[in-house]
Every structure is written in structure tokens, then in C-alpha cells.
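Chains as they are written, first to last, in our numbering: chain A, 75 to 747; chain B, 75 to 747.
C-beta atoms are modelled at their ideal positions from N, C-alpha and C, and glycine is treated no differently.
Take a look at the structure set out below.
2 protein chains.
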Amino acid sequence: MDTKTQEIVQAGINTVRVLAADAVQKANSGHPGTPMSLAPMGHVLWTSAMRYNAKSPHWPNRDRFILSAGHACMLQYAYLYLTGYEDITMDDIKQFRQLHSKTAGHPEYGLLAGIEVTTGPLGQGFAHGVGMAIGQQYLASRYNKPGYDIFDYRIYAICSDGDLMEGVSAEAASLAGHLKLGNIIYLYDDNHISIEGDTAIAFNEDVAKRFEAYGWHVQVLPDGNDIAAIQDALEKAKAETTRPSLIKVRTHIAYGSPNKVDTAGAHGAPLGADEVKLVKQGFGFDPEVSFYVADDVLQYYHEAGSRGAKDEAAWNELYAKWKAAFPDLAKEYETLAAGNLPDGWKDKLPTYKVADNPKGVATRKASGETLNAIADALPTLIGGSADLAPSTDTNLKKYPSFNFDNHGGRNFHFGIREHAMGAALNGMALTKGIIPFGATFLMFSEYMRPPIRLAAIMKIRPLFVYTHDSIGLGEDGTTHQPIEQLAALRVIPNITVIRPADANETAQAWRVALEHKDGPVVLVFTRQNLAVIDQDKYAKATNLEKGAYILADADKTPDVILMATGSEVDLIVKAQEKLKAEGIGARIVSFPSWELFEKQDAAYKESVFPKNVRKRLAVEAGASMGWHKWVTDEGDTITVDRFGESAPAEQIFAEFGFTVDNVVKKAKALLGK
Amino acid sequence: MDTKTQEIVQAGINTVRVLAADAVQKANSGHPGTPMSLAPMGHVLWTSAMRYNAKSPHWPNRDRFILSAGHACMLQYAYLYLTGYEDITMDDIKQFRQLHSKTAGHPEYGLLAGIEVTTGPLGQGFAHGVGMAIGQQYLASRYNKPGYDIFDYRIYAICSDGDLMEGVSAEAASLAGHLKLGNIIYLYDDNHISIEGDTAIAFNEDVAKRFEAYGWHVQVLPDGNDIAAIQDALEKAKAETTRPSLIKVRTHIAYGSPNKVDTAGAHGAPLGADEVKLVKQGFGFDPEVSFYVADDVLQYYHEAGSRGAKDEAAWNELYAKWKAAFPDLAKEYETLAAGNLPDGWKDKLPTYKVADNPKGVATRKASGETLNAIADALPTLIGGSADLAPSTDTNLKKYPSFNFDNHGGRNFHFGIREHAMGAALNGMALTKGIIPFGATFLMFSEYMRPPIRLAAIMKIRPLFVYTHDSIGLGEDGTTHQPIEQLAALRVIPNITVIRPADANETAQAWRVALEHKDGPVVLVFTRQNLAVIDQDKYAKATNLEKGAYILADADKTPDVILMATGSEVDLIVKAQEKLKAEGIGARIVSFPSWELFEKQDAAYKESVFPKNVRKRLAVEAGASMGWHKWVTDEGDTITVDRFGESAPAEQIFAEFGFTVDNVVKKAKALLGK
């Protein structure tokens, strides 16, 4: 590098620092210190290490960058702007953290091209990256052919001490080490500062040794301003293809700020107008000018940002040849990457008849049969469980496991790491073409709510499969019996929760989930057998797509509406008969999904729940919260607002009032009988 | 040990194995394999390592035992029975996993003396133990005096590969290593088997190296049947007083089962009647006899279980002398350990006047002031935050930090480890006398729901402090703005959520929380300033204890009831005035806690929300779920059922309809105006 270039590089790095200080100052809110310390690292990533084309941010084989330390987002916004991403302008940077701007307080997927994943809640970016690395490896295994390395991109991230303190990153790191995800390259910003002060007040473990214990390739750099060392370490990390890489880099928060460097004060608050001036003076910038970028700096980064154009052109050529050589595979990939599904897959969905299933079918079992029935038709439907596959019935029986020695397998052993599983599923869902699912007991959705929420924010579509969905789980007892989990999931915006009533609704739930596009879908299944609802006598299970539908009506205007979800639908089916025998006309409504029903038009809603029929009873083995809306002031619920019991399921159901007789009794009580 | 004793010991260990196999078989459900492999470890713990007196299970200075691998609970039930805990009989063991039995499917605190903590969700027992170790150390720091080691007990646990895969244990282990909690001794059951098969399919990290990286003292034992080696390792662990200890023990699941040993099949299902017989034959037991305990075995364990009687007697003597020497300290401890609070503490609660606070007060700030005002009066009120103390305002300013070099400090730096913080708070709350609190942003309650739920199940009372409680958090944006969190917390059984409306309600919220006894309390505070409600003009904030109360009424029967919580109460206060000017009579209700209100009698409830006033509007910057019940079919809500925005708070509130004008408009709409 000649002297002139060296000067431009240093000016460029300092430009990023000053832009961060300026933007935070103007917003009067934000995190200036971290972008200032990370600017050299970012420089190496965006000018040499990463393969991307700023003018084509969606190129499928681009390297992915994740700012796990999302609060440092001005770093990413600055480099996206400087390297020429067209989606961001200097005006956007000036609008940092303002209403409806692209430059949100933490990076948001979908707001701005170049943001690969929404980050902010610490640990999530780190763990989502593991899923993105899995996604790349699966694409490579399925679509790469000798001479055609269509997918060989890497996953880069910058993470902070906070990311590494969070349990989700520990789980994800252990999983990534186990799986030998050599396509991961993470930089750890070891700045010794957290909000409460020196990280030593809470965090003095040996991070490098810990990551070696996970099976990672670890490098330690003493100086975060040493560009050559960072570059060298990144090259070594690229050369390491069987272990994920962690590069621990000692940095100094708010580098360049004479009074705030190495202090917690620079973490989450503006430096102050005077201090920003001192920063500028220190770097030889005009202290009176804000948001300044020298022409040669901009040109330098624009060139760096378009380096990848030739890579992309070469890739396009390779892709065209690959497509010609493997037209079926290419069609498959393009269909799936566009978010569509191959023709005919729905024909594989199983159906169930009462006569063939006299003892009923657990919906987890019907789910397993559905998954296996459609697995051949959906080659990128991949997933697994958090060490509960035999219980969740999520094994794709014809296919091998995705493990360290086979990145083309379809069954994942996530280990007893529900939180990392959730984040990994999101990362996989962010990989266009991949349809990921992950399973555990409904109770353990509690361990994975942060990634579920991020999926909802990003409107991506991982499939969360939860079995053992109620007190019907039985003997494992209180700690394992979900009570409040259905409500706690339903309340998340953009989510779709489906709790099917029998085997046929289960197959339909998978259909709806796979066709769903905007947001995560939660599928909720029973441990215990449920009677198959007679498709000749009652309304068809295909109605599940409407969220709620009349299974069977009263002969005249109903006296009462009985509604239920999942395992409790059988109770209202039987109660309807008993009530009829007593001269009471009940409409019965299967209500597998509140969210799907909310999407129906007013006329349909009125047709199911007419305003003039207000004697309504909801039956669900879960918390009552939220049901009031559906049963109205004149209705009632049979629900569970206390913790469960350890006992055989039938006994618990009876103890908690989930019997046909109790449904009949409550329905009659509503009618004053 | 003589030959005869050796024989009894071996028979005893095998008795535990057979009891476990029998109980699981009779229940036709459960986990036989782990108790069978852990029986020797349990033997050493209950016969020599641990200091306890089976006849006095609540002796304050007993060693604590945690079965983090809660599914192995038959191990614990067997040893509690054999060592003579009077709370459990052989009939209880025969009732394993049956309705209302003490021997639940996982160990439940409160059901059975000797169970120190409810376990089952993996990782939690491990992390709760860290809190219990903190509790012991704080008690020792405060109450031990030279020559009076009143509290010197240890925390023992058995944990499984599942416990060690969970992120919460990683966080807790890092914290424990950092804090140098030398009173922790954990045994790791390294049995190589999980539900999906060999743990190597998901977990091949170097656990010992990882724990060394955390600063733990690690020992590795190759043979889980080698009693002498286990005993020796436990003694070495006791000798290590500055580092927590992990003893990794290679075991064989279902040891003694000829066809199931070392297989996943022995993990979570009965062995089968024939296999149980083979187990008995292999151990020289009569295959036709179930639940058999030889007299000499029972006698041996009874003696072991009463070893501690002399320790307890000596301790009682020491305690009496200590009490005589330090009567004030003893009174303090006994008051707090009984769950009571010292006289006069309530007099310290601050009050706020409008005139003194013209700009209002953020409830997080009022909370900080309250905490500091009462800190002197409540010497075991200890807590901290997950690296957000300056933001959550939870620092006890006069007191030092609890850190590795000071276990008497009162301010905790939990690090960016919300999940471990939650579990540690529970462990601290399980330490009689300690009143723990922990703080983070409301959003990050999502990272700590599993321990919140366990606190609710156990009905223990940690205090969870959550600030930045709504979209009012502002610029940090979508990922940090709570929407569904209030509802998702309220729906947990046994929980009490309080969201005070101003500084005075905040002080009262702390009062109610500290007086609360059965279950966790969640305190929800704002980032932004809130107007102080004039205590001369409106109803007194002491009414907060009722959950909801009339702040101010209409002059006659109200046309409409406006209700709100927290920061939104100010909107209904102002709306009431505007409506009055338009001739509309509104009752305004401050509604800080649904759960406290639900506990009031019917007459009080009717007095606040009369059945005949059904035009009601609820205003809360959170999800609408659950509000329908309070506003009735004829009411409406101003709530948030979408994700937030990154922008200054005032702009977001306006964008989402939280303005006085919108409240007025919606209220009038209800009245058809």
C-alpha cells in the first residue's frame, strides 16, 4: 500500500468514527463508542475480506455480514453508505434513529439492503449466524456439483462481550463447533467496557480457551487498530475450513475521543458536542463540519464496494452453466428461493379416516407422518429437534442426519439447546430456498422466545413445532405442562399459532404453514391420541385455513356456541350430541388459529360467531387470557389458570374440568338451565 | 470399611437402582436409567459428603442438594426415604407420578421436605444453585462473626449433559467462576446418552476445558461406580474454597440393566417388567418382589441420615451463643428468615409532591430513590442488574458491590446474562432471610421466563424489576420496545405484575412487593418522566395495593370509565378534564395490577367497575390481549398490537395513538358522539 493510499485508508477509518459520533450526536441518542473502536475492523471486512457487490446486495453467493453487537449500527450504516449501497444516502444517516427512517436504532432486516438480520438483543446475531452457516452448507451440499461451487459464501460477524455472555451464544458456539461449520468467521470486539463499567466486574473468564473447548479456531489480536494483523487473521480464518473461527481483538471503545476513550460513558450516550469537536480535531477534521466525507475517501470505498462486481459476473456465468447442466436442480432451487413450493407437493399430504384409526391418532404422530409424506417433494425442508425427536416425531425417516461429517443431511440434532435452535432456524430461514423447522415440547418455547420474536419482527418463516401441548402431557408434571404458553405465543405480533384438533387438521396445518409467507408459524401438537373427526359427518379439515369454522351446526339458530382448539374439540363434538338429546341446539366451532381467523373478512367472522348468539363457551386446556373477546360478556370458558399436576393425563383432564359432562353443564349454565 | 459394611453399601446402592426401576415400572412412566447410574454418586453424597439431618430438613445450616437433572428424581426420592426423611414413606414412592402425590414426575419444592428447589427444565437447577451459593455467602458475610461460623453450608448438585448444553448453565457457570463461589460442588453425570442417542451426535465439546476457562476447579473421574474415587473427589472439592467445583463422572445409564445399559431406551421410559426382573436377578434380588429394602440397608441409611444430628446440635449451641453475643443481629436474621420485615422500614418510603417535581419523575428514577431510601432498613435486600444498573436505576449507592473479593456487597453485576440472573434471584430467594431483586429492560424479561415461571410454581418471591417498559423507550427501536411482554407476564399463574402510574405509586409498588409472600413480583417502570399525580386532588397512591382504584370520579353516574396503567394514566387524567368540559362524565381508574385487583372481593370490584357502566376504555402502551375482560363488549382499547419504531418517544406515542385527544375521541365514540 503506497503512502497516499495509506493516508486515504486512515482518513476513511476516521471518517467512519466521526460519522458515528456525528450521527449519534444529532440523534441525541445512540452508541458512539463501539463504531469508533470497530472502524478498522469494519474497514478490513468491507474493503478486502468480504466478497460482495454493493450494487447488488441480494446476490445469492455474497458473503453475509452480521452485526451481532447491533447497538454499533452506525458502523454498518457508515460502511454501507461509503461502499456504495444505493439503498442508503447521507440523508439517511442524518436521519439516524428518527421515525420511519432506514437507519433504525438497531439494524433491521428489510429496512435497508445490506442488513442480513435484525440484531440488538445480544447473542442473537451470533446464534442466527450459525443458522445462516448451516443454510449455506445445506445449499452447497444439495446444489454444488464438481466444478460448480455455486454456494461457497461465508458468514462474518462482529460480536461484543455482551454477545458472548449470553447463553444463546454459548449454545450456538457449542453447536457450531460440533457441526464443524468452517464457514463462520466471527470477530470479537474485546473492548473491556460494558454499561456498568469495566467488563472485569462481571466477566473475566478465558474466552479464547472456552471457544477452543467448543472446537473453534481461535486467534487473539492485541491491537484493534492494526489493520495488517486483522487482515492476516481473517485470511487465516478463511483458510480454516473445518472449524468456525473466532478472532478476539483488543479494542478501545471511543477510540479517538480524548475524554471518553475506554470509558462506559461512551457506550450508550452521545459524546457531547464539545467532545465530538475534539474527536474531529484529533483526526485532523474541521471541528465545525459535520457528516463530512472527503471525495478521495468516498471514491476509495466505492471502489472497494464494487470489487465484487467481477466476482458476481463470474458467478453469474458459472450459474448459467450450472443451470444448463442441471436444469431440474436449478428449477427446484429457483422455485424454492423465490419462496414458492414445487408443484404437486400438496398431493402428498395424508388423510385420515375414522375407520382406519379406531384408537385415534396423536397429532404429533400425524405431524410426523405428514412430514415424512411430503419430505421427498420438499428437498429443502430440513429440521430437527432439541434432543426430543422420538417424542416430537420430527425425524425424516428416509434421510440422514445433518452432522459434522454430513452437511447434506436433513435431520438436525440441535442438542438440548432450544434457544440456539430457535436462532439457528431463523438463520436458516434467512437463507433463501431453505424451509427450516425445529421441535421441542411446547413448554420449552419459553427458552426460545427471543428468536421467535425476531422472526416475527423480520417476518421470516421458520416453523416452530411444539408437541406435548397441555396438561395432557401427563406424568412429567408441573414443570413440563404448558398452561400460559399458547397465550404468550399468540400475543406476539406477526405470529401464526395453529393448534389442530385431529390428524386431518394436522396435515392441513402443515399445508397452511408451508404456504405461509410473512412471519413465523407455530404448530402445536398433542402427546396423546385424539379421535379422528369424521370427514363425512363434520365440516372438512381443509377449513383450518380460515382459523375457525363451523364443524357442525344446530338445526336452527343455535342456543349456544361451543368453541375449542386441539384436543378439546372432541369434547365439544360429544357435548353437542348430549345437548341435542336435551333439546339444546349447539353450534360447534373448531378454532385452531386465532390469527388465521382474524384475517378473514367481517362477513365470514359474523357467519361463524353471529353477534346475536352470545351464549358461548370456549374450551381449551390453556390459560383463559384472551378468550373473553371470543366468548363475549355472556359467555364462559373451561380453561386452566393454575399450574398443572403430575399424574396420568386422563386424571388431570378430569381434575381440571375437561370432561364432556362439564362442557354440557357449563353450556347449560349459560342458558340458565 | 469392613466386608460386611461393603456388602451393605453395595446392596444399598443396588436397592436404589431397583427402587427406581420398580417405581417407574409401576407408574408406567418416568426415567429409570439415570437414577440407576447415579446411585453410587448419591450414596456418597447422602452417606458422607453432605452435612444434613434427615430428621430436621429445615436446619438453616444444612448443605443444600439440587437435582438439576430433575428427571432422575427417583434417585432423590429413594435416598430421602432411605435416610429417614419423615416426609416420605414407601407408599409415597409407590405413588410415584400419581395425582396429588409428593413424588411428582420432577422434584417439586414445597411438596416434599428435602427438595430444595423445583427442577425439571434443564439448566435451571444448575443456575438456581449459583443463587443459593450467593445467598449462603451473603448470609455468612453479614452474620458470621469470628468464632461464629453460623452459615458455612455448601451447595451440591447433580447435573446432566442436558443441563450443561443449556445456555442458562453457561451463563451461571461463568458468573459463579467470576464470583469465586467456592461453596459450589457440582457432579456432572457424563453418561453419553441423551434422548436422541449418543450425546456425540450433538455434544462433543471439551466440558472440562470449558469449565476451567470459567475459572472452575475441575476433576474428571473415569468410573461412576468407584465410590472411593467419588468420595476423594468430593473431599478435594470441599478443600477448594475459592473456586466452584465440577466433578465430571463417567457413568453408564441404566447400569445393571443387561439389555438397556448405555442406551437411549433407558432414558425416558420404563425398562419393562421382564427387564426389571433381570435387573433384580443381576443384583441378587428376588425378581418377584418389588419395592424391597433389606432391614440392614435401611438401618445403614437411617444412621447415615442422622449423622448430622450431632452437627445440628453443635450448631444450635453455637447459634445460641451467637444470639446472646449479637442479639440485634440475631433478631434481624430471625425476623427476615421468617419472611417478615423489620419494624419501621415503611416509614422510609419516599413521597412525591407535584410542586417539587414540575417536570415529573421517571418511575425508574422513583424506584431507584425508593430502593436507596429503604436500603438501610432492609439489610438483606440485595440485587443488581444485567449490566444496566445506570439505566434501571437499581444501584444501592451507599453500598459496595458483591464481587469476587467481597461477598458482603449488596450490588450485583450479573453481566449480560439475564437468564442466569433470573435463576440466581430464585436461588437467593430460596435462601431464607434474603430479599433479592434483579433488573433489566422489560424486553429482556423474554430471556428469563423459565426462572420466572419456576418462581411462580415454587411461590417464592424474587423481585423482578423491569424498566424501559414500552414504546416510550424510544430510539433503541423495535427490538428493544416491549409490546407483548406485559400480557405474556400477566398470564403466568401465581405472578403479580405491577405497573405504577407515577412516583408515589412506585414507592407503593415497592411496599406491596416487599410485603408480598407467595410468588414473584414484577415491577414495571418507565424510562421517561411521568407527571406526579396530585395526592391532594386525586385518590391516594396507597390504593395501589388494591390493584385498581378510582383516581377521580364523575360528578354523577359516569358515562364512561377510562382505565389505564403506568405512563398512560396521565392521558386519562387529562382526558377526564377535557371530557368534563364537553359535559361528559368520566370515571378514571388507575389499574397498576390485574392480579392484585383480582384478589379483591366482589363488592370492591363492583364499586370500581359497576356492571351497569359498560362504556369503558382501556389505555395501555402494550398488547390488547386480556383487556377485553375489563372493558366488556361495549368498550374499547388504545393499545399496541404491532411492533414498535425507532424514534424519539413522544413521536412514537403520537404515532401509536397515545394522545389525550385520541383518548377523548375514542371515549366519545363509545358514547356515539
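Specify the secondary structure class of residue i as computed by DSSP and reduced to three states.
i, result
"Y329 (chain B)", "coil"
"S641 (chain A)", "helix"
"H266 (chain A)", "coil"
"L618 (chain A)", "helix"
"N686 (chain A)", "coil"
"Y366 (chain B)", "coil"
"D272 (chain B)", "strand"
"R317 (chain B)", "coil"
"T570 (chain B)", "strand"
"L352 (chain B)", "helix"
"L185 (chain A)", "coil"
"Y151 (chain A)", "helix"
"D710 (chain B)", "strand"
Output, in chain order, the set of chain A residues within a Cβ distance shorter than 9 angstroms of residue i.
i, result
"F732 (chain B)", "Correct list: empty, because the minimum Cβ distance to chain A is about 14 angstroms."
Please list the partners that residue i has in chain A, where partner means a Cβ-to-Cβ separation under 8 angstroms.
i, result
"G262 (chain B)", "A quick correction: the sequence has Tyr, not Gly, at residue 262 (chain B). Result: empty, since nearest Cβ-Cβ is about 14 angstroms, beyond 8 angstroms."
"K703 (chain B)", "H702"
"G236 (chain B)", "D461 and I490"
"G104 (chain B)", "E549"
Run through chain B and tell me which residues come within less than 7 angstroms of residue i, C-beta to C-beta.
i, result
"Q293 (chain A)", "Those do not exist, as Q293 (chain A) stays about 16 angstroms from chain B at its closest Cβ, beyond 7 angstroms."
"Y521 (chain A)", "P524"
"K351 (chain A)", "Simply none; closest approach about 23 angstroms."
"D707 (chain A)", "T706 and D707"
Can you tell me where the beta strand (DSSP E) holding residue i begins and where it ends?
i, result
"I87 (chain B)", "First-last for I87 (chain B): T77 to A101, but that is the alpha helix (DSSP H), not the beta strand (DSSP E)."
"T121 (chain B)", "Note, T121 (chain B): premise wrong, no beta strand (DSSP E); not H, not E."
"G458 (chain B)", "L455 to S459"
"N485 (chain B)", "N485 to H487"
"Y230 (chain A)", "I229 to S234"
"V294 (chain B)", "H291 to L295"
"S698 (chain A)", "Here S698 (chain A) belongs to no beta strand (DSSP E), and DSSP marks it neither H nor E."
For a contact meaning CB atoms closer than 8 angstroms, what does residue i contact in chain B?
i, result
"N127 (chain A)", "Within chain B, no residue comes near N127 (chain A); the closest Cβ sits about 28 angstroms away, beyond 8 angstroms."
"F488 (chain A)", "A276"
"S475 (chain A)", "I275"
Check for me: the alpha helix (DSSP H) holding residue i runs from which residue to which?
i, result
"F727 (chain A)", "A723 to E729"
"Y540 (chain A)", "Note, Y540 (chain A): premise wrong, no alpha helix (DSSP H); beta strand (DSSP E) at L537 to T541."
"I508 (chain A)", "Segment: none, I508 (chain A) is in no alpha helix (DSSP H) and carries neither H nor E."
"L597 (chain B)", "Looking at the DSSP string, L597 (chain B) is not in any alpha helix (DSSP H); the run it does join, the beta strand (DSSP E), is V595 to V598."
"Q211 (chain A)", "Q198 to Y217"
At a CB-CB cut-off below 9 angstroms, which residues of chain B make contact with residue i?
i, result
"E182 (chain A)", "G551, T552, T553 and S720"
"P567 (chain A)", "I557, E558, A697, V714, D715, R716 and F717"
"Q172 (chain A)", "E549, S720, A721, P722 and Q725"
"P179 (chain A)", "A small correction: the amino acid at residue 179 (chain A) is Gly; Pro does not occupy that position in the sequence shown. Within 9 angstroms Cβ-Cβ: G548, E549, D550, G551, T552, T553, H554, S720 and A721."
Starting from residue i, find everything on chain A with Cβ-Cβ shorter than 7 angstroms and list it in chain order.
i, result
"H493 (chain B)", "G241"
"R527 (chain B)", "E520"
Members of the region 186–200 of chain B near chain A, C-beta cut-off 7 angstroms: T192, G194, P195 and L196
Residues of the region 714–733 of chain B with a CB closer than 8 angstroms to any CB of chain A: list them in chain order, please. D715, R716, F717, E719, S720, A721, P722, Q725, I726 and E729
Closer than 8 angstroms is the cut-off here; do at least three beta carbon pairs connect the region 125–145 of chain A with the region 361–372 of chain A? no
Name the residues in the region 242–269 of chain B whose C-beta lies less than 7 angstroms from a C-beta of chain A; which are they? V242, A244, E245, S248, G251, H252, S268 and I269
Determine contact between the region 505–520 of chain B and the region 264–279 of chain B, defined as no fewer than three beta-carbon pairs at a distance below 8 angstroms. The region 505–520 of chain B, when compared against the region 264–279 of chain B, does not touch it at the 8 angstroms Cβ threshold.
Using Cβ-Cβ distances below 8 angstroms, what residues of the region 452–466 of chain A are close to chain B? Residues S459, D461, L462, A463, P464 and S465.
Please list, in chain order, the residues of the region 279–307 of chain B that have any C-beta partner in chain A closer than 9 angstroms. E279, D280, V281, A282, K283, R284, F285, E286, A287, Y288 and G289
Would you be able to state if there are at least three C-beta pairs under 8 angstroms between the region 674–691 of chain A and the region 539–548 of chain A? No, because fewer than three Cβ pairs between the region 539–548 of chain A and the region 674–691 of chain A fall closer than 8 angstroms, the two stretches do not touch.
Any contact of the region 115–123 of chain B with the region 351–359 of chain B, i.e. 3+ C-beta pairs under 8 angstroms? no
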